[in-house]
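Trainee:
2 protein chains.
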Amino acid sequence: MAAYSRFDRLPVNLSRSASASLPAQLAEQIRALVLQGVLQAGEALPSSRALSQQLNVSRGTVVFAYEQLVGEGYLTASPGGTRVASQLAPLTDSQQIQPASPKRQKTSGPTFQTPAESAQPPTPASQETALDLRPGIPDTSLLASASWRAAWRQAAASPGRTFPPAGSPQLRQQLAQHLRLTRSVLRDPQDLMVTAGARDGFRLVLTALRLKVRGRPLRIAVENPGYPSLQRIPLAFGHQILPVEVDQDGLQPALLPTGPERPDLVLLAPSHQYPLGASMPVSRRLELLAWARKNGAYILEDDYDSELRYRGDPLPALAALDQAGAERVITLGSFSKLLAPGLNLGFLLLPAHLRQELIGLRADLGNPVSSLTQEALTLFLASGGLRRHTARMRRIYTARRQLLLTGLDNLPRGRVLPMDGGLHTVIHLPGLGAAEEAQLVARLAEAGLLVEALGPYWSPQRTSGQGNQERAEPWRGLVLGFGGVPDRKLEQGLGLLRQVLRELAPG
Amino acid sequence: MAAYSRFDRLPVNLSRSASASLPAQLAEQIRALVLQGVLQAGEALPSSRALSQQLNVSRGTVVFAYEQLVGEGYLTASPGGTRVASQLAPLTDSQQIQPASPKRQKTSGPTFQTPAESAQPPTPASQETALDLRPGIPDTSLLASASWRAAWRQAAASPGRTFPPAGSPQLRQQLAQHLRLTRSVLRDPQDLMVTAGARDGFRLVLTALRLKVRGRPLRIAVENPGYPSLQRIPLAFGHQILPVEVDQDGLQPALLPTGPERPDLVLLAPSHQYPLGASMPVSRRLELLAWARKNGAYILEDDYDSELRYRGDPLPALAALDQAGAERVITLGSFSKLLAPGLNLGFLLLPAHLRQELIGLRADLGNPVSSLTQEALTLFLASGGLRRHTARMRRIYTARRQLLLTGLDNLPRGRVLPMDGGLHTVIHLPGLGAAEEAQLVARLAEAGLLVEALGPYWSPQRTSGQGNQERAEPWRGLVLGFGGVPDRKLEQGLGLLRQVLRELAPG
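Chains as they are written, first to last, in this note's numbering: chain A, 1 to 507; chain B, 1001 to 1507.
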């Protein structure tokens, strides 16, 4: 016996030309009626027979929709008929989300994860209240300027465009100009390829070089210590990593193997070694380039934050020293520090002799960067927005760096490494063991301050260096980022740090 | 002797805190003065000594800037001093580009390449005037609706967000709902990963599966004929392709090898085989799934345009038939047909048992999709924009398909294959040879009509099928897209086609 329904006709309306199937449409509309309170908890629905007649659809359509909603917990089925569930499950996120309204320009929006948060396990301190001084997070609060918003508005108005595999020709023109002005690199826009950031560019280079060596795994020299995010990529493709020790001038070319075990590729950040901060002097750069030419290897230059320099001018990119016609340097560019990490936009600067190969490969694999993003960035660069934003952020970061140096002055323990650029600093704590380092980071997290340990930046593999083939002993200490925190929070965090280090001292 | 300069002081202004080097700033400002006409053709510039004194910079800075501008053709150097060149080179694209203005909302913008144009060599007919009926191009002219623009505006206002490696949780919620409503797939948002389109998803799956088989090349069964864009990807990574013949019901599971040479992965488009158009019946889908379970293989379902269906409801996705807990189907989703190909946005629907592995790999390799794009799409889906756009485009494409069928009625030669969905059709021309097919396409291009040849969709490799191991004989004919052309142009193109086919007949 069907339950009594107060609806002669359920207020639903199906369309055979809509994209959703009839049962899906029906289920969605009933769900909406429940959520809006039109259909109330415990209320009976029409029988499937009655509703199918009303809507002129098969009875199976109604039965399917009812069953789906029973499965989802909106309805309950009983011998007496189908009713609205009396205890509704809480709304899901997708139902709670605010639809885009043409009127609203801004939204506070929910809190989103930072890359560091998403890559790391949750720490004891609540993410809400913690002072997050982990490295790698720039300040994006001033990015949405008028020219930024205008660029995206204009790009969104013409969503139909598509670009060649190397990227928008106009964006490549703008990038070539940007490189000329900021990195002293004078190169043809044709040598540039738009990428979804450094990792996308690195993957493409690895794929191309593997084809060149007929599929054997590549040998890739990396800095030790070095940037783990990029070093994990070759491992995922089965390539070999050769860690090479760095000193105060960066990677040591003298330690690179030259025999049959010589690397095919050397990955390094010559302008700002990560995390120790060295800027490689010109003499060593020339030595590295000579090694690469002699050994037929490529140099992959990770130029991730050279625009952010506080003392002296940045050295020109390694690519600017490369020998025209016999280039060995491939440069990975990224806007993740200068603009925003979530933007996933960067570029590859290619030797002319690799251009065709890489672009052909890119055509087969697909360029993952949205045309709309490319167009928006083109407009942003052409309007001078990037130049203005960079100048502004340099002023802000310079002040914040000064705050950091003051706050780290006369630490109870440890020494602060020189920091001429970038958005992070390193506190070396000699005498600390691995377990003590981990305890320190945990203790800081408990106190509400998130930082990173220094030791884990060293490779667990044996190292090519110092004549021996032992694993290099990691330095212990802390890596602190100061890009993404407001001044007040930075001062607060540094106060906490001093306090915890005082408990730790003497070392 | 220095030339006389009418400038006591050149109106330039250098900043030591700007991101560009001093010579670069100086060169840029002089370049701007020339382009603005402040410095006129033939006019003398101050001597390097005078300008260096004015600006309080080293003389080398000025010399460097002048030399760069001489190299670029803005200035000329002579014994009498440095002057503005009398014949300026034409402006480059990057100088001509319109900067984004906060006031302008729309721009007509330059013409950009379609994906087909960028992937193919130029054809004899001018791209400007040609009727482009090549497949793969949807109509994007109606995409920039109010809710589309609002979604991007809102997303651009908060550029700082970043998302976990699998993508925005809210976008995955929206996508799960979209799949439920349009593809009868009831799955947890956790099983979804946001991708930069089908090719990005395919690459990730290949990398993960290769790790599972400890690095040996994978064997990948593909449809013959099939979609070349996806098939080129495994080849770039050194995997093996096994072409398997399709019939009027799609890929034939009976032809899949089961011995030691069995494929690790079967790539197919069960809802709409490309290019022949078959929709695989349920019985064959079940057969395929049983084969996959028995052989421990995965099925990669390319679900590229199922929402665009004109006759009958689309069959549910293959993933909807998959056995919960023992899933073998990975679905590649894409918005390139439903929204725009340049958007580069899609998703992967993963078996729960692959979820952790794939997300871990994604964390190492990086998700290339911009957070801003993810946020904009979330808002667009949440506001119902996608649903409205799909319904609208189905009406338009349904009418355009009718126009096409009418225009192809009683062709002088060839038969039109049934076309129940999608944005293309196939004209089979039995009796035509490979050379004649190529001539026909060239003849049409000369007449101003761009279409694709059918034969090249067949694999040049030997085929697994019909008991033999011979290369399958390609069908000859034409593939026509009708998505991206206005009705008038479509009619015009079909008129041209009839005319050229009439010259060709009888076959």
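Note that beta-carbon positions come from the ideal geometry of N, C-alpha and C, so glycine has one too. The model shown is predicted, which means the values in this text are computed figures rather than measured ones.
Have a look at Gly1433(B) and Leu211(A) and give me their C-alpha separation to the nearest angstrom.
Mentor: In the second sequence, residue 1433(B) corresponds to position 433, counting from 1. In the first sequence, residue 211(A) corresponds to position 211, counting from 1. Approximately 35 Å, taken between the alpha carbons.
Trainee: Chain B partners of Glu28(A), CB-CB under 8 Å?
Mentor: Mapped onto the first sequence, residue 28(A) falls at position 28. In chain order: Leu1181.
Trainee: Does the distance from the CB of Leu1069(B) to the CB of Leu1014(B) come in under 8 Å?
Mentor: Taking the second sequence and counting its residues from 1, the one referred to as residue 1069(B) is at position 69. Taking the second sequence and counting its residues from 1, the one referred to as residue 1014(B) is at position 14. It is not a contact, given that the beta carbons lie outside the stated cut-off.
Trainee: Please decide whether Pro161(A) counts as near chain B, where near means a Cβ-Cβ distance under 8 Å.
Mentor: Residue 161(A) sits at position 161 when you count from the first residue of the first sequence. Note that residue 161(A) is Arg in the sequence shown here, rather than Pro. So yes, Arg161(A) belongs to the interface.
Trainee: Could you check where the beta strand (DSSP E) with Val1202(B) kicks off and where it finishes?
Mentor: Position 202 of the second sequence, counting from 1, holds the residue named residue 1202(B). In the sequence as presented, Val is not what sits at residue 1202(B); that position holds Phe. It is not in any beta strand (DSSP E) - Phe1202(B) instead sits in the alpha helix (DSSP H) that spans Ala1198 to Lys1212.
Trainee: Between Asp1200(B) and chain A, is there a C-beta pair that is closer than 8 Å?
Mentor: Taking the first residue of the second sequence as 1, we reach residue 1200(B) at position 200. Yes, because at least one Cβ of chain A sits closer than 8 Å to the Cβ of Asp1200(B).
Trainee: Let's see if you can read the secondary structure: which residues bound the beta strand (DSSP E) around Asn224(A)?
Mentor: Start at 1 with the first residue of the first sequence, and residue 224(A) comes out as number 224. Element bounds for Asn224(A): Arg219 to Asn224.
Trainee: So is Asp1487(B) buried or exposed if we call it buried at 16+ other beta carbons inside 10 Å?
Mentor: In the second sequence, counting from the first residue as 1, residue 1487(B) sits at position 487. Under this definition Asp1487(B) is an exposed residue.
Trainee: Using a Cβ cut-off of 8 Å (strictly closer), state whether Ala453(A) contacts chain B.
Mentor: The sequence position of residue 453(A) within the first sequence is 453, counting from 1. No, its Cβ sits nowhere closer than 8 Å to a Cβ of chain B.
Trainee: Evaluate Pro281(A) with the Cβ neighbour count: other Cβ atoms within 10 Å of its Cβ, from every protein chain shown; 16 or more gives buried, anything less gives exposed.
Mentor: As a working note, residue 281(A) is residue 281 in the first sequence. Burial call: exposed.
Trainee: List the endpoints of the continuous alpha helix (DSSP H) containing Ile359(A).
Mentor: Translated into positions along the first sequence, residue 359(A) becomes position 359. Where Ile359(A) is concerned, the enclosing alpha helix (DSSP H) stretches over Ala352 to Leu365.
Trainee: Hey, is Arg1149(B)'s beta-carbon within less than 8 Å of any beta-carbon in chain A?
Mentor: Within the second sequence, residue 1149(B) is the residue found at index 149, counting from 1. So, interface residue.
Trainee: Straight-line CA distance for Gln53(A) to Val63(A)?
Mentor: Taking the first sequence and counting its residues from 1, one reaches residue 53(A) at position 53. Taking the first sequence and counting its residues from 1, one reaches residue 63(A) at position 63. Rounded to whole angstroms, Gln53(A) to Val63(A) spans 13 Å at the Cα level.
Trainee: Considering only residues of the segment 314 to 350 of chain A, which uninterrupted beta strand (DSSP E) runs meet the minimum length of 3 residues and lie entirely inside it, listed in chain order?
Mentor: Entirely contained in the segment 314 to 350 of chain A, the beta strand (DSSP E) runs reaching 3 residues are, in chain order, 329 to 334 and 346 to 349.
Trainee: By alpha-carbon positions, which one of His239(A), Leu230(A), Val222(A) and Gly366(A) ends up nearest to Pro257(A)?
Mentor: Here residue 257(A) refers to the residue found at position 257 when the first sequence is read from its first residue. Nearest C-alpha to Pro257(A): Val222(A).
Trainee: Identify the contact partners of Phe1335(B) in chain A, using a Cβ-Cβ distance below 7 Å as the criterion.
Mentor: To locate residue 1335(B), count along the second sequence from 1; it is residue 335. The contacting residues do not exist; Phe1335(B) stays about 11 Å from chain A at best.
Trainee: Using a Cβ cut-off of 8 Å (strictly closer), state whether Ser480(A) contacts chain B.
Mentor: Against the first sequence, residue 480(A) aligns to sequence position 480. As written in the sequence, residue 480(A) is Leu, which differs from the Ser given in the question. Not one chain B Cβ lies under 8 Å of Leu480(A).
Trainee: Would Leu1143(B) pass as an interface residue toward chain A - the criterion being a Cβ-Cβ separation below 8 Å?
Mentor: Numbered from its first residue, the second sequence carries residue 1143(B) at position 143. Yes, Leu1143(B) lies at the interface with chain A (some Cβ there is under 8 Å from its Cβ).
Trainee: Taking Leu365(A) as the query, report the chain B residues whose CB atoms sit under 7 Å from its CB, ordered along the chain.
Mentor: Translated into positions along the first sequence, residue 365(A) becomes position 365. Simply Arg1199, Arg1203, Ile1233 and Ala1236.
Trainee: Starting from Ala20(A), find everything on chain B with Cβ-Cβ shorter than 7 Å and list it in chain order.
Mentor: For this step, residue 20(A) is matched to residue 20 along the first sequence. The answer, in chain order, is Leu1181 and Thr1182.
Trainee: Please list the partners that Thr207(A) has in chain B, where partner means a Cβ-to-Cβ separation under 8 Å.
Mentor: If you number the first sequence from 1, residue 207(A) lands on position 207. Ala1236 and Phe1237, listed in chain order.
Trainee: What residues match up with Glu301(A) in a beta bridge as DSSP calls it?
Mentor: Looking up residue 301(A) in the first sequence gives position 301. Its beta-bridge partners are Leu268(A) and Thr331(A).
Trainee: Tell me whether the beta-carbon of Asp132(A) lies closer than 8 Å to the beta-carbon of Leu450(A).
Mentor: If you number the first sequence from 1, residue 132(A) lands on position 132. If you number the first sequence from 1, residue 450(A) lands on position 450. Yes, Cβ-Cβ distance for Asp132(A) and Leu450(A) is below 8 Å.
Trainee: Starting from Gly1296(B), trace the beta strand (DSSP E) both ways and give me its first and last residue.
Mentor: As a position in the second sequence, residue 1296(B) is number 296, starting the count at 1. Premise fails: Gly1296(B) is in no beta strand (DSSP E) and is neither H nor E.
Trainee: Under 8 Å between beta-carbons, which chain B residues line up against Gly483(A)? List them in chain order, please.
Mentor: Translated into the one-based positions of the first sequence, residue 483(A) becomes position 483. By Cβ distance, chain B contributes nothing, its closest Cβ being about 11 Å from Gly483(A), past 8 Å.
Trainee: Mind pulling the chain B residues with CB within less than 7 Å of Thr140(A)?
Mentor: Here residue 140(A) corresponds to residue number 140 of the first sequence, with the count starting at 1. Correct list: Pro1159 and Gly1160.
Trainee: Looking only at its chain, what residues have a beta carbon closer than 6 Å to the beta carbon of Thr1182(B), apart from the 5 residues adjacent to it on each side?
Mentor: Along the second sequence, read from residue 1 onward, the residue named residue 1182(B) stands at position 182. Cβ within range, chain order: Glu1307.
Trainee: Between Arg1328(B) and Tyr1298(B), which are expected to be in contact by the criterion C-beta below 8 Å, what is the C-beta distance as a whole number of angstroms?
Mentor: The residue labelled residue 1328(B) in the question sits at position 328 within the second sequence. The residue labelled residue 1298(B) in the question sits at position 298 within the second sequence. That pair is a contact at about 6 Å.
Trainee: Report the three-state DSSP secondary structure of Thr1378(B) (helix, strand or coil).
Mentor: For the purposes of this step, residue 1378(B) is taken as residue 378 along the second sequence, with counting starting at 1. Thr1378(B): helix per DSSP, three-state reduction.
Trainee: Between Leu1051(B) and Leu1010(B), how many whole angstroms is the CB-CB distance? I'm expecting something under 8 Å.
Mentor: For the purposes of this step, residue 1051(B) is identified with residue 51 of the second sequence, where counting begins at 1. For the purposes of this step, residue 1010(B) is identified with residue 10 of the second sequence, where counting begins at 1. About 6 Å separates the two Cβ atoms, so the contact holds.
Trainee: Applying the 10 Å Cβ sphere with the 16-neighbour rule, what's the burial state of Pro368(A)?
Mentor: Locating residue 368(A) in the first sequence gives position 368, counting from the first residue. Buried, because 16 or more other Cβ atoms sit within 10 Å of the Cβ of Pro368(A).
Trainee: With which residues is Thr1425(B) paired in a DSSP beta bridge?
Mentor: Position 425 of the second sequence, counted from the start, is the residue given in the question as residue 1425(B). DSSP output for Thr1425(B) lists Leu1480(B) as bridge partner(s).
Trainee: By DSSP, does Glu1436(B) sit in helix, in strand, or in coil?
Mentor: By one-based count along the second sequence, residue 1436(B) stands at place 436. Correct three-state label for Glu1436(B): helix.
Trainee: When the Cα of Gly1366(B) is compared with those of Met1193(B), Arg1153(B), Gln1170(B) and Ala1157(B), which residue comes out closest?
Mentor: The count along the second sequence starts at 1 and reaches residue 1366(B) at position 366. Measuring from the Cα of Gly1366(B), the nearest candidate turns out to be Met1193(B).
Trainee: At the level of alpha carbons, what is the spacing between Ala1236(B) and Asp364(A)?
Mentor: The residue given as residue 1236(B) occupies position 236 in the second sequence. The residue given as residue 364(A) occupies position 364 in the first sequence. Going by the C-alpha atoms only, they are around 8 Å apart.
Trainee: Please tell me whether Pro1474(B) has its Cβ less than 8 Å away from any Cβ of chain A.
Mentor: As a first step, residue 1474(B) is located in the second sequence; it is residue number 474 there, counting from the start. By this cut-off, Pro1474(B) is not an interface position.
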